[in-house]
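Just so we're on the same page, the numbering used here is the position in the sequence shown counted from 1, plus 920.
Inspection log for the structure reproduced underneath, given as structure tokens.
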Amino acid sequence: MRKKEKTLKILEILGNEIPEPVTELDYKNPFQLLIAVILSAQCTDKRVNLVTPELFKHFPDAKSLSEAEFDDIFPLIRSISYPNNKARHLMGMARLLMEKHEGKVPPSYSDLVELPGVGRKTANVVTSVLYNEPRMPVDTHVFRVTQRLGIAKGTTPLQIENQLVALIPDAMIPKAHHYFILHGRYVCLARSPKCTECPLTELCNYYKKNHKKLTGGSPT
């Protein structure tokens, strides 16, 4: 089976398993999503969702956040990974939104990556989730799942991103991103993948290589 054909088959199966894939970050508007994604770097969505309600209550828009100081923000996000850096990023991001974008989250990828705390992955998430753009943010789950399946191979997220974008039709990329994340989060776990519950074993390189060890039997 050719790689593109295999990828489309994987997406078809995951689509049946996850009919409506969406981000698990809680947000009500583009500003809240941008903050949540910045905070989610090297942190779980669950932890971010515990923190953001109080943060959004204090800072409902770019103007209020742009007027905040470090000591106003830090206590609200101290349980998040790297709270010092992220507090400063949120301050700088909000101030630049006010200075250059009238307090609104810009729809342009190039404008987004100019904001403090916004790198390639964050900008990809925002443009994909908000505007359905064909961008493939590669987090730890996407990185792991696609390489285990054998549809991508690389040592950097950008290498994996480029390969996936080349394989997947533009219209499917936004959903595909969520398929891989959710599959990695709940089935294809890093340390103990739930291969006995996985619908992709017949297409998975990792499973074929480790079948005996994972099941205690021999490959069929």
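For each residue, glycine too, the CB sits at the ideal point set by N, CA and C.
- If you ignore the 5 residues before and after V971, its C-beta comes within less than 8 angstroms of the C-beta of L959, L996, I997, S999 and I1000, all in its own chain and listed in chain order.
- In the structure shown, the three-state DSSP call for N1125 is helix.
- Taking the CA atoms as reference points, E989 sits about 38 angstroms from I1080.
- Between the alpha carbons of Y947 and H1009 lies a gap of roughly 19 angstroms.
- Less than 8 angstroms separates the beta-carbon of A956 from that of V968.
- Relative to the Cα of E944, the nearest Cα in the group G1037, I1101 and E974 belongs to I1101.
- When the beta-carbon positions are compared, K1073 and G1023 stay at least 8 angstroms from each other.
- When DSSP states are grouped into helix, strand and coil, I933 belongs to the helix group.
- Per DSSP, K1020 is one residue of the alpha helix (DSSP H) stretching across P1003 to H1021.
- Segment contact: the segment 1052 to 1069 against the segment 1037 to 1044, three or more CB-CB distances shorter than 8 angstroms; contact assigned.
- For I993, the enclosing alpha helix (DSSP H) begins and ends at F990 to I997.
- In the structure shown, A1043 falls within a helical segment according to DSSP collapsed to helix, strand and coil.
- A distance of 8 angstroms or more separates the beta carbons of Y1002 and Q952.
- The residues I930, I933 and L1069, in chain order, have a CB closer than 7 angstroms to that of L1120 in the same chain once the five nearest residues on each side in sequence are set aside.
- Out of H1097, H1098 and Y1126, the CA that lies nearest to the CA of A1110 is found in Y1126.
- Here DSSP, grouped into helix, strand and coil, assigns D981 to coil.
- The shortest CA-to-CA distance from S1112 to any of P1094, V1065 and L1087 is the one to V1065.
- Inter-residue distance for A1014 and K1128 is about 48 angstroms (C-alpha atoms, whole angstroms).
- In the structure shown, V1049 adopts helical secondary structure according to DSSP, grouped into three states.
- Setting aside the 5 residues that flank it on each side, Y1029 is surrounded in the same chain by A1043 and T1047, each with a C-beta closer than 7 angstroms to its C-beta; the list follows chain order.
- Inside the segment 1081 to 1109, DSSP marks whole alpha helix (DSSP H) runs of 4 or more residues at positions 1093 to 1106, from first to last along the chain.
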